[in-house]
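Trainee: I have a structure I would like to understand better, so I am pasting it below and will then ask my questions one at a time.
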Amino acid sequence: MIWYIARRIIYLIPTLLIISVIAFAVIQLPPGDFLASLISKAEETVDQAQVDALRERYGLDEPIYVQYWKWISGIITRGDFGDSFEWNRPVSDLIWERLGLTMVISLFTLAFVWIVSIPIGIYSAVKKYTIGDYLVTIIGFIGLAIPNFLLALVLMYIAFRYFGQSVGGLFSPEYIEADWSLERVLDLLSHLWLPVIILGTAGTAALIRVMRANLLDELSKLYVDAARARGLSELKLLFKYPVRVALNPLVSAMAWIFPALVSGSAITSIVLNLQTTGPLLYRSLQAQDMYLAGSLILLVSVLTIIGTLVSDILLAWIDPRIQLQ
Amino acid sequence: MQPTHTRLNAAAATDDVLLEVKEVKTHFFTDEGVVKAVEGVNLSLKRGQTLCVVGESGCGKSVTARSILRIVPPPGEIVSGEILFRQRDGRTVDLAQLNPKGREIREIRGGEISMIFQEPMSALSPVHTIGSQIMEAILLHLTVTKQEARKRAVSMLDLVGIPRPSETLDAYSFELSGGMRQRAMIAIALACEPQLLIADEPTTALDVTTQANILDLIADLQQESGMSVLFITHDLGVVAEIADEVVVMYLGRDVESGAVDAIFHDPKHPYTRALLQSIPRYDSRDNKRLYSIKGTVPHPFDRPTGCPFHPRCDDFIAGQCNLIDPQRALISRDHSARCLLYPTAAIHNPDEEPAT
Amino acid sequence: MTGATTPPPVDDRAEAAPETRIVVANQWQLIWWKFRKHRLAMFAGLVTLLLYAVALFAEFIAPYSAGTYSATHTFLPPQNIQLFQQTETGWRFYPHVYGHKVQVDPESFKRTYVVDEEIAYPVGLFVRGEEYELWGLFTLDLHLIGAAQYGDPVHLIGTDRLGRDVLSRTIYGTRVSMSVGLVGVGLSLGLGVILGGISGYYGGLIDNLIQRAIEILRSLPTIPLWMGLSAAIPLTWPPVRVYFAITVLLSLIGWTALAREVRGRFLSLKTEDFVIAARLDGVRELQIILRHMVPSMTSHIIASVTLAIPGMILAETALSFLGIGLRPPVVSWGVLLQEAQNVRSIATAPWLLFPGLAVVVSVLAMNFLGDGLRDAADPYQT
Ligand SMILES: Nc1ncnc2c1ncn2[C@@H]1O[C@H](COP(=O)(O)OP(=O)(O)O)[C@@H](O)[C@H]1O
Ligand code: SF4
Ligand SMILES: [Mg+2]
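Structure, rendered in structure tokens:
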């Protein structure tokens, strides 16, 4: 097992490298030298010495690979992601809490997706071709077809129109800027349900279908008959064997569900005005605040890669066949 | 009941009959139509004996076996017939009448009747250890503690000839070879000392040497425990080696049944003869081409009229075989064939009736 | 004698081989038979065809052009079609919509519309309206549906903040949104078939590399990446170039699923008898791929493509909705939904969400269709 994990982590290195290159490319993509745009935006005249210091720091006069090297080595050795020009603060000051909240939302959504989709998937497979199964299938398809942001808009409209409530945000106004405390955590939890449902709908619909298909596959396998021939009751049989085996692909589905959640939360967060990475990335892209944008893309990607790694390890842990390969 | 049946039922009265299958029909109600997989099969198995069911692939052997254990997959259902099984406590139950999900049949499964399958790989769970599956059977049917169950599991693995049994207990099926898997399946099946073992082509997926080993193992275990074996195969070589009685099946029914000697040395039904002619013999000197039965088993939707074998039969009698569904004809005391070549009238003749 | 003439069982490869030609000739027929049994998929197929027809004939179907605006009819609510009108002699068939009166709230100065049943604007099919050029070829003024008298304000789904007809704009949006999906999937398919094919056919190191690349791409959060990349598209680019840039971006990340599918098919086909036979006959590799392997995968690929289009449509909608995908004056469903970006605008004009309904319907239809196709693609499996 330890070897397996070690191998997976080594595999990660080229992935991380590629991600960092992509993120760096995003930083470099906008035409022109960003210092120039910085200077043009600045209200007061900029001190020439300061500009030279920045040039030196980011290696702007040097070849592109040197710039990349300066950037990435700064991140790895010092946790220095560069400065946000719009906020006039180091990027690292701005991102960690937002990254944490992104993580919290994604994990809660993942839990929601699993808790809802597994029992429904089992029901749908065991009762296949019944009205209940058709209903689940149709609702699932609709869940897959509604874009997150549209669902967010519709739910917000319903809440506004029929309950006179303005939903959105992750905190009540009094807690937005407050320090972390038990009350703030509780406040967060009470706001979490809406984004979790919105983000989780598509994933839940997808996983129900995966679970149903897998379970149908497994139900017709010989080992199920063999266990039945041993005298096991239908319910115990169902949960001990086919459901257990059908869970494996579900765990491996986490490898794409998690990136999809993080990805989807970007847009949903913008619509619902959540304090996650999404809106910050959006604003930074519009303001061409490229170090902030690049860092966000880098970190969000790393986050999903770690999610994928965790799902791989989990899968190896529950499926003894994996480690052998 | 027709007279035919009362005649053969005589055997049921004697104590040593463990299982009696009478005119069982199992159909699959698919979207495309009804598949009559088993269409009136009869078997009778005595205590301690081995009954072999032979026939080409698709003749309903597996469905017959599953019908006995009531594990026919949907949309399959037993539509008629009786499956009389004498339980340990002396009661006779009709398995065909039991609720397939009910308690009664579940106590019989694994406890009194066990089954092993053709593919030992897929018959074992890919994500559970061998031990977890043996102990499951033991804990279901015997009142023992977990430790005792574990001990018994180890001794069962030892009994079936698995080396280092206590290590194998924690192994997964993919870590074992095909032969070892089948041994493990046998260990699971025999863990609760069933009265009847149903073996559905247990050696077909194995290589020749392993096949012989597994056959020997089953024979040895049967000797020791005195259980009965219902052995399904399409390999007549295997039949010759292990059978006491033989039932030849074609298109979901028994076409000929009798003692192994009678079937091999005095086959009556043209299908049995054709089967026997198609086994390769290493003692045959001449280079005659191996005989093979003409045509293939028809699709169950196109069940031929009259005698179901008539499109492929060498002795086909036009105007009769394609119209009349042959009844069972008694050849001798326990040898019967369903073929129009033999007069069923014999059955009605009281003189021929064997003394009981 | 039916028994003797029955075809051999399907798994009997050796016996089936001489009949391969007949089997291939029948494959599409078998697929069609199986597909036809899928009621829902059939219906979804019909809806999909309809949507593409709308995309093709948008100018004819829409009552107005995408840009027609009316300063006096901003945020006009949808008008219900009344089929009958009461006259002195009874009811008569006279499809029309009611007019509106504007009321200004004396305190807040907010304008609201009140239905005015005194005014009836007749509505008709095949009416004369604005002139348009269909595909740049014909100049016509015939519209499938619209005000029977040219100039009457008939807005069945209401208007937006500039008084533009939401229905017409959604119809025009169909063209862009549905075609982004199609073109994007076309590009993805090219990449997927080439890379997946190479991967599956040659195996070994190349396969390994491509598989790793796919894994990496799949583990990335696509929307932030798309956001980052599309934000780099210069604002000065003409709409058509932006359209292609976005499509390319979408397909650059979207090809992986198709590549996996193709690779899987290749791997299983590689061992099939007829491919081995072709190779033994000394047929060149490329020819094997093109002649024998690609055609036998077509049905599966069609199914996968159908299932991939909705993803593209959703992605385009999301990006444009955020304002970093397609931009006005291009009209796509996502661009239209931009008008409904916050609760306040939805509260004043919920009908602005109508393009969202179009998204849901099209994605649903193509998912059902693709699902049915995938089931039917294996005519031998039950
Ligand atoms: N689940 C099922 N659904 C429909 N038909 C089935 C099913 N299982 C078996 N059959 C049909 O029953 C017949 C007998 O099958 P089987 O008992 O497996 O044959 P054998 O074991 O003698 O090879 C076959 O024609 C097969 O097509
Ligand atoms: S009944 Fe006729 S067709 Fe059937 S086995 Fe006997 S001779 Fe052959
Ligand atoms: Mg069988």
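Those protein sequence lines, which keep their order, are chains A, B and C.
Take the first sequence: its letters are residues 1 to 325, numbered as in the working numbering.
Take the second sequence: its letters are residues 1001 to 1356, numbered as in the working numbering.
Take the third sequence: its letters are residues 2001 to 2382, numbered as in the working numbering.
Backbone N, C-alpha and C define an ideal beta-carbon position, used for all residues, glycine too.
Should Cys1307 of chain B be counted as a contact of ligand 2 given a C-beta to heavy atom distance under 8 angstroms?
Mentor: The count along the second sequence starts at 1 and reaches residue 1307 of chain B at position 307. Yes, Cβ of Cys1307 of chain B sits closer than 8 angstroms to a heavy atom of ligand 2.
Trainee: Cα separation between Ser20 of chain A and Phe2060 of chain C?
Mentor: In the first sequence, the residue the question calls residue 20 of chain A occupies position 20. In the third sequence, the residue the question calls residue 2060 of chain C occupies position 60. Cα to Cα, the separation comes out at about 49 angstroms.
Trainee: Does DSSP classify Pro2095 of chain C as helix, strand or coil?
Mentor: The residue labelled residue 2095 of chain C in the question sits at position 95 within the third sequence. Strand at Pro2095 of chain C.
Trainee: Would you be able to state if there are at least three C-beta pairs under 8 angstroms between the stretch 302-319 of chain A and the stretch 256-276 of chain A?
Mentor: Taking 8 angstroms as the limit for Cβ pairs, the verdict is that the stretch 302-319 of chain A does touch the stretch 256-276 of chain A.
Trainee: Spell out whether any CB of chain A is found under 9 angstroms from the CB atom of Ser1057 of chain B.
Mentor: Your numbering for residue 1057 of chain B matches position 57 in the second sequence. Answer no: the Cβ-Cβ gap between Ser1057 of chain B and chain A never drops below 9 angstroms.
Trainee: For Leu1254 of chain B, which residues does DSSP report across the bridge?
Mentor: In the second sequence, residue 1254 of chain B corresponds to position 254, counting from 1. As written in the sequence, residue 1254 of chain B is Asp, which differs from the Leu given in the question. DSSP output for Asp1254 of chain B lists B:Met1249 as bridge partner(s).
Trainee: Taking the runs of the alpha helix (DSSP H) that are 4 residues or longer, which of them lie wholly in the stretch 1016-1070 of chain B?
Mentor: Taking only runs of at least 4 residues, the alpha helix (DSSP H) segments lying wholly in the stretch 1016-1070 of chain B are 1061-1069.
Trainee: Quick one: does Ile305 of chain A have its CB under 9 angstroms from some CB of chain B?
Mentor: Along the first sequence, one-based indexing puts residue 305 of chain A at 305. With 9 angstroms as the cut-off, Ile305 of chain A does not count as an interface residue toward chain B.
Trainee: Determine whether the beta carbon atoms of Tyr2098 of chain C and Ile2119 of chain C lie at a separation below 9 angstroms.
Mentor: Residue numbering aside, residue 2098 of chain C sits at position 98 when the third sequence is read from its first letter. Residue numbering aside, residue 2119 of chain C sits at position 119 when the third sequence is read from its first letter. Yes, they are a contact pair.
Trainee: Looking only at DSSP bridge pairs, what is Arg1109 of chain B linked to?
Mentor: Residue mapping note: residue 1109 of chain B aligns to position 109 of the second sequence, counting from 1. B:Ile1113, per the DSSP bridge assignment.
Trainee: Quick one: does the C-beta of Met1249 of chain B sit closer than 8 angstroms to a heavy atom of ligand 1?
Mentor: Position 249 of the second sequence holds residue 1249 of chain B. At least one heavy atom of ligand 1 is nearer than 8 angstroms to the Cβ of Met1249 of chain B, so yes.
Trainee: Does any CB atom of chain B fall closer than 9 angstroms to the CB of Ser345 of chain A?
Mentor: Residue numbering for chain A in the displayed model covers 1 to 325; residue 345 of chain A lies beyond these limits and cannot be assessed.
Trainee: By the criterion of Cβ-Cβ separation under 8 angstroms, what are the contact partners of Met1115 of chain B in chain A?
Mentor: Locating residue 1115 of chain B in the second sequence gives position 115, where the first residue counts as 1. Ordered by position in chain A, the residues that pass the 8 angstroms Cβ test against Met1115 of chain B are Ala226, Ala229.
Trainee: Tell me, please, whether the stretch 2186-2204 of chain C touches the stretch 2360-2367 of chain C by the rule of three or more beta-carbon pairs shorter than 8 angstroms.
Mentor: Counting Cβ pairs under 8 angstroms, fewer than three are found: no touch.
Trainee: Output, in chain order, the set of chain A residues within a Cβ distance shorter than 8 angstroms of Ser1137 of chain B.
Mentor: Your numbering for residue 1137 of chain B matches position 137 in the second sequence. Residue identity differs from the one stated: residue 1137 of chain B is Ala in this sequence, not Ser. Those within 8 angstroms of Ala1137 of chain B in chain A are Arg230, Gly231.
Trainee: Start and end of the beta strand (DSSP E) containing Thr1092 of chain B?
Mentor: As a working note, residue 1092 of chain B is residue 92 in the second sequence. First-last of the beta strand (DSSP E) with Thr1092 of chain B: 1092-1094.
Trainee: Rounded to the nearest angstrom, what separates Ile318 of chain A and Leu2220 of chain C at their Cα positions?
Mentor: In the first sequence, the residue the question calls residue 318 of chain A occupies position 318. In the third sequence, the residue the question calls residue 2220 of chain C occupies position 220. Distance between the alpha carbons of Ile318 of chain A and Leu2220 of chain C is about 25 angstroms.
Trainee: Using a Cβ-Cβ cut-off of less than 9 angstroms, list which residues of the stretch 253-268 of chain A approach chain C; keep chain order.
Mentor: Within the stretch 253-268 of chain A, the qualifying residues are Ala255, Trp256, Phe258, Pro259, Ala260, Leu261, Val262, Ser263, Gly264, Ser265, Ala266, Ile267.
Trainee: I'd like to know if Lys240 of chain A contacts chain B, where contact means its C-beta is closer than 9 angstroms to some C-beta of that chain.
Mentor: Along the first sequence, read from residue 1 onward, the residue named residue 240 of chain A stands at position 240. Cβ-Cβ to chain B under 9 angstroms: yes for Lys240 of chain A.
Trainee: What is the rounded straight-line gap between the Cα of Arg1088 of chain B and the Cα of Ala1191 of chain B?
Mentor: For the purposes of this step, residue 1088 of chain B is identified with residue 88 of the second sequence, where counting begins at 1. For the purposes of this step, residue 1191 of chain B is identified with residue 191 of the second sequence, where counting begins at 1. Distance between the alpha carbons of Arg1088 of chain B and Ala1191 of chain B: 16 angstroms.
Trainee: Spatial neighbours of Met2312 of chain C within its chain, please: CB distance less than 7 angstroms, with the 5 preceding and 5 following residues excluded, ordered by chain position.
Mentor: Numbered from 1 along the third sequence, position 312 holds the residue referred to as residue 2312 of chain C. The answer, listed in chain order, is Val2180, Gly2181, Gly2184, Val2185, Leu2250, Gly2254.
Trainee: Considering only heavy atoms of ligand 3, list every residue whose Cβ is less than 7 angstroms from one of them, following chain order.
Mentor: Residues with a Cβ closer than 7 angstroms to any heavy atom of ligand 3, in chain order: B:Ser1057, B:Lys1061, B:Ser1062, B:Gln1118, B:Asp1200, B:Glu1201, B:Ile1232.
Trainee: Compare the C-beta of Arg2218 of chain C with all C-beta atoms of chain A and state if any pair is closer than 9 angstroms.
Mentor: What you label residue 2218 of chain C is simply residue 218 of the third sequence in a count that begins at 1. Yes, contact with chain A.
Trainee: Just to confirm, is the Cβ distance from Met254 of chain A to Ile120 of chain A under 9 angstroms?
Mentor: In the first sequence, counting from the first residue as 1, residue 254 of chain A sits at position 254. In the first sequence, counting from the first residue as 1, residue 120 of chain A sits at position 120. Not a contact, by the Cβ cut-off of 9 angstroms.
Trainee: Under 9 angstroms between beta-carbons, which chain A residues line up against Glu2348 of chain C? List them in chain order, please.
Mentor: Your numbering for residue 2348 of chain C matches position 348 in the third sequence. In the sequence as presented, Glu is not what sits at residue 2348 of chain C; that position holds Thr. Going along chain A, no residue has its Cβ under 9 angstroms from Thr2348 of chain C, so there is no contact; the nearest lies around 11 angstroms.
Trainee: Report the neighbours of Pro2399 of chain C on chain A: residues whose CB is nearer than 7 angstroms to its CB, in chain order.
Mentor: Only positions 2001 to 2382 of chain C appear in this structure, which leaves residue 2399 of chain C out of reach.
Trainee: Which residues in chain B sit within 7 angstroms of Pro320 of chain A, going by Cβ to Cβ distance?
Mentor: On the first sequence, position 320 is the one that residue 320 of chain A refers to. Near Pro320 of chain A (Cβ distances below 7 angstroms), the residues of chain B are Val1127, Tyr1172.
Trainee: Any beta-carbon of chain C closer than 9 angstroms to the one on Ile313 of chain A?
Mentor: Taking the first sequence and counting its residues from 1, one reaches residue 313 of chain A at position 313. Not one chain C Cβ lies under 9 angstroms of Ile313 of chain A.
Trainee: With Pro2239 of chain C and Pro2329 of chain C assumed to form a contact (beta carbons below 8 angstroms), what rounded beta-carbon distance in angstroms separates them?
Mentor: Translated into the one-based positions of the third sequence, residue 2239 of chain C becomes position 239. Translated into the one-based positions of the third sequence, residue 2329 of chain C becomes position 329. Confirmed, Cβ separation roughly 7 angstroms.
Trainee: Nearest to Tyr129 of chain A by CA position, among B:Leu1330, B:Glu1107, B:Asp1031, is which residue?
Mentor: The residue labelled residue 129 of chain A in the question sits at position 129 within the first sequence. Closest by alpha carbon: B:Asp1031.
Trainee: Identify each residue in the stretch 197-229 of chain A for which the Cβ-Cβ distance to at least one residue of chain B is less than 8 angstroms, and report them in chain order.
Mentor: Flagged, chain order: Ser220, Lys221, Leu222, Tyr223, Asp225, Ala226, Ala227, Arg228, Ala229.
Trainee: Can you tell me which residues form a DSSP beta bridge with Leu2314 of chain C?
Mentor: The residue labelled residue 2314 of chain C in the question sits at position 314 within the third sequence. DSSP lists no partner for Leu2314 of chain C.
Trainee: Mind listing which residues of the stretch 2352-2367 of chain C have their C-beta closer than 7 angstroms to chain A's C-betas, in chain order?
Mentor: Flagged, chain order: Leu2353, Gly2356, Val2359, Val2360, Val2363, Leu2364, Asn2367.
Trainee: Determine, using beta carbons only, whether Gln286 of chain A comes closer than 9 angstroms to chain C.
Mentor: Counting from 1 along the first sequence, the entry for residue 286 of chain A is found at position 286. Interface residue, yes.
Trainee: Is the beta carbon of Arg1181 of chain B sitting closer than 9 angstroms to the one on Met1121 of chain B?
Mentor: As a first step, residue 1181 of chain B must be located in the second sequence, where it is residue number 181. As a first step, residue 1121 of chain B must be located in the second sequence, where it is residue number 121. It is a contact, given that the beta carbons lie within the stated cut-off.
Trainee: Tell me the rounded alpha-carbon separation between Gly1102 of chain B and Ala1123 of chain B.
Mentor: Along the second sequence, one-based indexing puts residue 1102 of chain B at 102. Along the second sequence, one-based indexing puts residue 1123 of chain B at 123. About 23 angstroms.
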